[in-house]
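Numbering (UniProt numbering), first residue to last: 1 to 356.
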């Protein structure tokens with residue numbers, strides 16, 4: 001199913017970087033360290049019986065669709081008539097939680113260079129997220145200044161996992177640098193509970209992947225509240241904050257609660273001089289995957305009317321992950337009057353894409 005005369009922008013594609021290409025770009029002593037296989041904090045080891053990737057991403061010759069830009073274009077972008085795809089390298093989310101900043105920053109820079117030098121020149125339809133090491137903001141700022149003017153890097157990628165909420169002022173230099181280059185800030189889950197990040201949810205550590213995966217929304221609620229309450233968007237009026245792979249059904253009630261509390265407590269956040277929901281509509285964007293699927297489809301459509309979905313919601317597939325949403329599946333879920341906005345127009349406006 002294709003939008004008639006419409007643009008399709010996939011705002012969440014996970015490429016598979018070749019470790020040898022990263023290693024070749026690392027200076028010593030980090031190259032030897034990386035080659036040893038000890039590459040960072042790893043993960044907490046919850047078992048996902050579905051695996052991480054779809055079974056059909058491996059071709060008969062052993063190559064993977066998401067491991068090469070030309071294969072990705074041929075077997076995914078072309079197959080689903082996707083005009084643009086935004087890459088979010090998943091591995092750097094874990095690297096960004098390393099307690100070893102110099103090693104981590106070097107690896108993240110090398111990963112960025114692989115995409116800048118080997119992927120993006122081969123496929124103009126691909127855009128990318130710029131990985132950074134956020135726990136020392138000066139390192140993140142340096143990386144933004146190094147590659148921020150590359151025309152195919154469209155946002156700075158942060159983990160949704162963190163030690164403290166992203167709105168706090170220690171991180172504002174990152175947003176200042178991103179704003180200088182017209183880059184959005186995108187957060188993505190996956191490293192909750194790993195390395196320097198805090199527990200996966202406010203209560204602590206779950207005991208299964210099912211529970212971990214279900215409660216990932218905790219960090220999104222905290223970051224949205226923090227970014228609004230700390231006045232980030234008043235300080236950086238051109239900044240956009242993209243919530244990738246965090247779901248959408250939680251957003252309306254959180255904004256309602258913030259609006260209610262702001263009416264009585266706005267003196268505690270004097271820099272927030274209008275309803276939080278109004279600021280969110282201008283500055284926050286949300287990706288569709290994983291779509292909530294209530295038994296009654298009318299409830300899903302009603303939820304889309306509870307916030308300005310035509311302004312905030314953007315299609316994402318999460319390709320090649322096991323629970324991803326293909327464009328034809330996602331398109332069927334949305335009412336006609338929202339389809340073109342969600343599937344491409346909102347993302348095109350955010351990232352400054354050609355729509356002709």
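Backbone N, C-alpha and C fix where the C-beta goes; we use that ideal spot for every residue, glycine too.
Burial state of residue i, where buried means 16 or more other Cβ atoms lie within 10 Å
| i | result |
| --- | --- |
| residue 304 | buried |
| residue 1 | The pLDDT assigned to residue 1 is 39, lower than 50, so where the model puts this residue is not dependable; a value taken from the coordinates is nonetheless given after this. When all chains shown are included, residue 1 counts as exposed. |
| residue 201 | buried |
| residue 285 | buried |
| residue 220 | buried |
| residue 10 | buried |
| residue 205 | exposed |
| residue 287 | buried |
| residue 50 | exposed |
| residue 73 | buried |
| residue 216 | buried |
| residue 329 | exposed |
| residue 163 | exposed |
| residue 128 | buried |
| residue 95 | buried |
Residues that DSSP places opposite residue i in a beta bridge
| i | result |
| --- | --- |
| residue 184 | 155 |
| residue 201 | 204 |
| residue 10 | 85 |
| residue 53 | 321 |
| residue 58 | 64 |
| residue 285 | 242 |
| residue 179 | Answer is none; residue 179 lacks a bridge partner. |
Contact belief for residue i with residue j at Cβ below 8 Å, rounded distance in angstroms
| i | j | result |
| --- | --- | --- |
| residue 86 | residue 13 | 6 Å |
| residue 290 | residue 245 | 7 Å |
| residue 83 | residue 7 | 5 Å |
| residue 307 | residue 255 | 7 Å |
| residue 77 | residue 39 | With 8 Å as the limit, residue 77 and residue 39 do not qualify as a contact, their Cβ atoms being about 29 Å apart. |
Spatially closest choice to residue i from the options, by CA coordinates
| i | options | result |
| --- | --- | --- |
| residue 182 | 154, 80 and 250 | 154 |
| residue 237 | 195, 280 and 211 | 280 |
| residue 211 | 192, 257 and 93 | 192 |
| residue 313 | 37, 241 and 270 | 241 |
| residue 102 | 216, 132, 262 and 263 | 132 |
| residue 272 | 235, 254, 287 and 30 | 235 |
| residue 42 | 187, 274 and 99 | 99 |
| residue 165 | 117, 228, 139 and 297 | 228 |
| residue 322 | 257, 253, 251 and 213 | 213 |
| residue 167 | 152, 224 and 138 | 224 |
| residue 324 | 247, 354, 257 and 260 | 247 |
Chain-order list of residues whose beta-carbon lies under 6 Å from that of residue i (same chain, five-residue window excluded)
| i | result |
| --- | --- |
| residue 53 | 320 |
| residue 359 | Only positions 1 to 356 of the chain appear in this structure, which leaves residue 359 out of reach. |
| residue 113 | 25 |
| residue 296 | none |
| residue 158 | 134 and 187 |
| residue 67 | 16 |
Same chain, Cβ closer than 7 Å to residue i, five either side skipped, listed in chain order
| i | result |
| --- | --- |
| residue 209 | 46, 47 and 48 |
| residue 35 | 23 |
| residue 122 | 69 and 70 |
| residue 362 | With the chain covering 1 to 356 only, the question about residue 362 has no answer from this structure. |
| residue 150 | 116 |
| residue 33 | 103 |
Sequence-distant residues of the same chain with beta carbon closer than 8 Å to residue i, five excluded per side
| i | result |
| --- | --- |
| residue 239 | 175, 178, 179, 184, 185, 232, 233 and 283 |
| residue 169 | 230 |
| residue 373 | Here the chain covers residues 1 to 356 and nothing more, so residue 373 does not appear. |
| residue 375 | This structure leaves residue 375 out entirely; the chain is present only between 1 and 356. |
| residue 3 | Residue confidence is low: residue 3 scores 47 on pLDDT, short of 50, so the model does not pin down where it sits. Its coordinate-derived value is still stated next. Here the set comprises 331, 339, 340, 343 and 344. |
| residue 301 | 335 |
| residue 138 | 173 |
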